[in-house]
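S.K.: Per the working numbering, the very first residue in the sequence shown carries number 65; after that it's consecutive.
Positions of the beta carbon are idealized from the N, C-alpha and C atoms, including for glycine.
Predicted model, so just to flag it, every value in this text is computed and none were measured.
Please find one structure pasted underneath; my questions will follow.
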Amino acid sequence: MRQLFRERLTLGMIVGLPLIQIILFGYAINTDVRHMAAGLVDHADTSMSRQLTGSLEASQVLDFVSRSGDVAEMLGEMRRGDLRVVLYIPADFERRLSDGDRPLAQLMVDAGDPTIISAVERLVQFLPSPRAEAGQPDMPLALRFYFNPERRSAVQIVPALVGLILNFTMIVFTAVAVVRERERGNLEFLITTPVRNYELMLGKIAPYILIGLIQVSIVYFAGTWLFRVPTMGSLLDLYIASLVFVAATLGIGLSISTFAKSQFQAIQGAIFFMLPMLLLSGFMFPFDGMPKVAQWVGLLFPITHFVEVVRGIILRGATLADLAPQMYAISGLFLVSIAIPVMRFTKRLD
């Protein structure tokens, strides 16, 4: 027990991990989706159509951040991940309102995320209808699901599992491997070599990049074969994005290894970081439902951006150009994650 309390990192984990868990689950995690980015195509442009959009915005589930007269343009923004839902109001909206035999409008939904589907279905179910207020027979808004029309759970989950598995294995492998070399004395040899710090760090992560790409192949092809998950985008784009993501996660593992004094501490440090990564990435809980502070913290993790990238490529057929903001974010986080161990590592034994 005395030895345990002498290790400051271990003591910090004992105190910090439960605090992080209670804060994340009690404050940051919210299963109610709010303020999803939505597009609007209003060909009617009447007071009643504006009343419908106003009711949708008043629910706080949708925020109409983009408006256009072209449905194809809005679907393109959805494919890039900029929009989650598109509301299409036809030009004959007023006639539909009086007829009562057709849906008033159509909601086009990105069905690649299960939380979006459930949120939109609840919204339509409880939405006050202009037709009902006028005493007409009510007919709900028509829902059209894109990128996963059958709404299969495997299609929604398997792509994100690529990032989750890579995130766990790459961070742990790298953090433990570097600390193990220090414990075995293998780093002593590096003291006498002219290798620079950044060259050493890049050399440490190079073998694990290959391992990461192998894992991408295993998860991807297993998901495609076992769960019949279709791939709408380019496999080359998927591997390029995975390469950048693997490098970023390896940098995090290296950063942890520079603080850890033992393999046990390295594993503790990996768990300490992976818990908020998992909860704030949007994989388990809706990212749009989190408070702004929690979203800002989540954006500091490469997996948050990679989940969006891999879903975009596999489910929506997006290209790397479409996903450029997420790729820039992952690349920037890689530079930060590799800079930390380069600055902290000194060619001397602690």
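Within this structure, are the beta carbons of residue 116 and residue 171 separated by less than 8 Å?
M.R.: no
S.K.: Is the separation between the beta-carbon of residue 129 and that of residue 102 shorter than 8 Å?
M.R.: In contact: residue 129 and residue 102 (Cβ atoms closer than 8 Å).
S.K.: Suppose the cutoff is 6 Å on Cβ atoms and the five residues either side in sequence are ignored; what does the same chain contact list for residue 179 look like?
M.R.: 97, 350
S.K.: Can you tell me whether residue 306 is buried or exposed, with buried defined as 16 or more other CB within 10 angstroms of its CB?
M.R.: buried
S.K.: Going by CA-CA distance only, name the one from 340, 140, 402 that's closest to residue 93.
M.R.: 340
S.K.: Run the CB neighbour count on residue 165, radius 10 Å, all protein chains shown included, and call it buried at 16 or more, exposed below.
M.R.: exposed
S.K.: Going by CA-CA distance only, name the one from 233, 243, 248, 244 that's closest to residue 275.
M.R.: 233
S.K.: Count the C-beta pairs between the region 323-335 and the region 225-244 that are closer than 8 Å, then say yes if the count reaches three, no if not.
M.R.: Result yes; three or more Cβ-Cβ pairs closer than 8 Å.
S.K.: Where residue 282 and residue 155 are concerned, what is the direct C-alpha to C-alpha distance, given to the nearest angstrom?
M.R.: Straight-line Cα distance between these residues: approximately 49 Å.
S.K.: Assuming the contact rule is C-beta atoms closer than 8 Å, residue 213 and residue 175 should be a hit. Round their C-beta distance to whole Å, please.
M.R.: Contact holds; Cβ gap of about 7 Å.
S.K.: Return helix, strand or coil for residue 97, following the three-state DSSP convention.
M.R.: coil
S.K.: In the structure shown, what three-state DSSP assignment does residue 296 receive?
M.R.: The answer is coil: DSSP assigns residue 296 none of H, G, I, E or B.
S.K.: Helix, strand or coil: which one does DSSP assign to residue 126?
M.R.: strand
S.K.: Do you know whose CA, among 216, 126, 161, lies nearest residue 187's CA?
M.R.: 126
S.K.: Just list the residues that DSSP pairs residue 207 with in beta bridges.
M.R.: Checking the DSSP bridge columns, you'll see residue 207 partnered with 171.
S.K.: Could you say which of 405, 105, 108 lies nearest to residue 267 if we only look at CA atoms?
M.R.: 405
S.K.: Quick test of your reading: residue 224 and residue 374, contact by CB under 8 Å. State the CB separation rounded to the nearest angstrom.
M.R.: 7 Å
S.K.: Less than 8 Å between the beta carbons of residue 297 and residue 383, yes or no?
M.R.: A contact, by the Cβ cut-off of 8 Å.
S.K.: Specify, as a first and last residue, the run of the alpha helix (DSSP H) that residue 274 falls within.
M.R.: Following the DSSP letters along the chain, one finds residue 274 inside the alpha helix (DSSP H) bounded by residues 261-290.
S.K.: Give the C-beta separation of residue 158 and residue 122 to the nearest angstrom, bearing in mind that I take them to be a contact with Cβ-Cβ under 8 Å.
M.R.: 21 Å between Cβ atoms; not a contact.
S.K.: So, for residue 199: in the same chain, excluding its five sequence neighbours on each side, which residues have a beta-carbon less than 8 Å away from its beta-carbon?
M.R.: With a pLDDT of 49 at residue 199, under the threshold of 50, the modelled position of that residue is not reliable, and the figure given next carries that caveat. Correct list: empty, nothing qualifies.
S.K.: Out of curiosity, what's the CA-to-CA distance linking residue 247 and residue 289?
M.R.: 42 Å
S.K.: Check whether the Cβ atoms of residue 95 and residue 353 lie closer than 8 Å to each other.
M.R.: Yes; because the gap between Cβ atoms is below 8 Å, this pair is in contact.
S.K.: Here's the rule: buried if 16 or more other CB atoms are within 10 angstroms of the residue's CB, otherwise exposed. What is residue 408?
M.R.: exposed
S.K.: Could you pull out every residue in the same chain whose Cβ sits closer than 8 Å to the Cβ of residue 110, ignoring the five residues on either side in sequence?
M.R.: Excluding five sequence positions before and after residue 110, the CB atoms of its chain that fall closer than 8 Å to its own CB belong to 157, 158, given in chain order.
S.K.: Would you report the Cα separation of residue 185 and residue 264, rounded to the nearest angstrom?
M.R.: 52 Å
S.K.: Using DSSP with H/G/I as helix, E/B as strand and the rest coil, what is residue 131?
M.R.: strand
S.K.: Would the beta-carbon of residue 338 fall within 8 Å of that of residue 231?
M.R.: yes
S.K.: Count the other CB atoms, across all protein chains shown, that sit within 10 Å of the CB of residue 131; report buried if there are 16 or more and exposed otherwise.
M.R.: Around the beta-carbon of residue 131, fewer than 16 other beta-carbon atoms lie within 10 Å, marking it exposed.
S.K.: Please classify residue 147: does DSSP put it in a helix, a strand, or coil?
M.R.: Three-state DSSP puts residue 147 in coil, outside helix and strand.
S.K.: The alpha helix (DSSP H) that contains residue 356, what's its start and end?
M.R.: 356-362
S.K.: Give the DSSP bridge partners of residue 153, in chain order.
M.R.: 106
S.K.: Helix, strand or coil for residue 387 per DSSP?
M.R.: Correct three-state label for residue 387: coil.
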